[in-house]
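Enquirer:
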Amino acid sequence: MPEWLGFWLVGVLMPVLSTGQEAPDRTALAREGMAALKSHHPVLRQRPLEYFFSLQLGPDTPVGYGRTRLQAAGENGSYRYENESLVAFSSGAKVMTRIEAKLSRTFEPVEIVARQLQITVDGKPPRLVVTRIRVGAKDIRLITESDNQKEEQTKAKPAPPLVYGIETVLTLLNFDAHPRALLRELDPQTAEARELIVQRETWEDGTPTIVTRTPDGTGSYQLWFDRGGELIRWAEPTIPVMFVRVGREPFQKLRDRFGPVRIPAEDKAPASGSR
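Quick note, the sequence shown lines up with residues 1344 to 1618 if you use this note's numbering.
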């Protein structure tokens, strides 16, 4: 593990070990989570929320780029979420990912299409994996296609508050009104959800950070902000890079350097008005 990320993990996990908090009341925190989602800062149709990132193994070691975009999609308050990224390995291999999703007004996923293209340097053709999620009232349908094979599964729908695109959702919550809450993050690869307790904390220099932990206290997502409340970077222990926010021009330079995200689009992305 890169030393830089090791320091970050210590920063996330050490506060957990020192808090000595009792087991959380998950039912009450889930109600608080739903209330926080219902009262989030809305994204206007004419002003999408868009973030550009440099994917870094260290302060000066970019290995790719990422972009997220959240846009109001309909009169019912639903959203359209997009996420694309490219990671380039020193071997020459690349992984490109593009995700398009329709979310409800409380960020519950309705439909997700995720495409990932894996490019190797061993002479094998690129491998495309397409995952589709359709969320119904009681269950979730998961369809995975790769290597000319198709697998379908149906799983029980997790209890609310169920969300997707959590790294963006967290930037829209009012932590003054809802300082601690529980959210359930949907994993589009498995159609299962994990519970995360989210709360805002403050560093010694006064800058805010949003920390998420599983109910047993294990650190997960962490988002850092500047004194003005603007997101500057985020990370998650299972993802071996840090997402450092950059402007549009630096993002374009990274895109020119590593190449564009080009993934075959043989299937249709979810329409903004479909269910």
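Even glycine gets a Cβ: it sits at the ideal position worked out from N, Cα and C.
(1) Using only the alpha-carbon positions, how far apart do residue 1444 and residue 1368 sit?
(2) So residue 1530 and residue 1524 are in contact, right, with Cβ under 8 Å, and what is the actual spacing, rounded?
(3) Considering only the alpha carbon of each residue, which of 1378, 1408 and 1478 lies closest to residue 1584?
(4) Output needed for residue 1437: all residues of its chain with C-beta closer than 6 Å, excluding positions within five of it in sequence on either side, in chain order.
(5) Look up residue 1553 in the DSSP assignment and say whether it is helix, strand or coil.
(6) Strictly by DSSP, which residues pair up with residue 1619?
(7) If you measure between the beta carbons of residue 1395 and residue 1591, is that distance less than 9 Å?
(8) Just verifying my parser: in three-state terms, what is the DSSP assignment at residue 1452?
(9) Give the list of continuous alpha helix (DSSP H) stretches no shorter than 4 residues that lie fully inside the segment 1481–1542.
(10) Closest to residue 1307 by CA distance: which of 1485, 1486 and 1574 is it?
(11) Could you tell me the alpha carbon to alpha carbon distance between residue 1580 and residue 1565, rounded to whole angstroms?
(12) Within the continuous beta strand (DSSP E) that includes residue 1441, where are the two ends?
(13) Excluding the 5 residues flanking residue 1557 on each side, which residues of the same chain have their C-beta closer than 8 Å to its C-beta?
(14) Would the segment 1504–1512 count as touching the segment 1409–1420 if we require 3 or more Cβ pairs under 8 Å?
(15) Decide if residue 1547 is buried, meaning its Cβ has at least 16 other Cβ atoms within 10 Å, or exposed.
(16) Is the segment 1469–1480 close to the segment 1445–1458, with three or more CB pairs under 8 Å?
(17) What residues in its chain sit with their C-beta under 6 Å from that of residue 1379, if we drop five residues either side in the sequence?
(18) Verify whether the separation of the beta carbon atoms of residue 1471 and residue 1606 is less than 9 Å.
(19) Would you report the Cα separation of residue 1499 and residue 1480, rounded to the nearest angstrom?
Expert: Here's the rundown:
(1) 31 Å
(2) Not really, about 19 Å apart at Cβ, beyond 8 Å.
(3) 1408
(4) 1431 and 1462
(5) strand
(6) Absent from the structure is residue 1619, since the part of the chain shown begins at 1344 and ends at 1618.
(7) yes
(8) strand
(9) 1509–1512
(10) The displayed coordinates of the chain run from 1344 to 1618. Any statement about residue 1307 would go beyond what the structure contains.
(11) 9 Å
(12) 1437–1446
(13) 1537, 1538, 1539, 1540 and 1563
(14) yes
(15) Burial is judged here by how many other beta carbons sit within 10 angstroms of a residue's own beta carbon; residue 1547 has fewer than 16 and is exposed.
(16) yes
(17) 1516, 1521 and 1524
(18) Cβ distance < 9 Å, so residue 1471 and residue 1606 count as in contact.
(19) Computed Cα separation, rounded: 10 Å.
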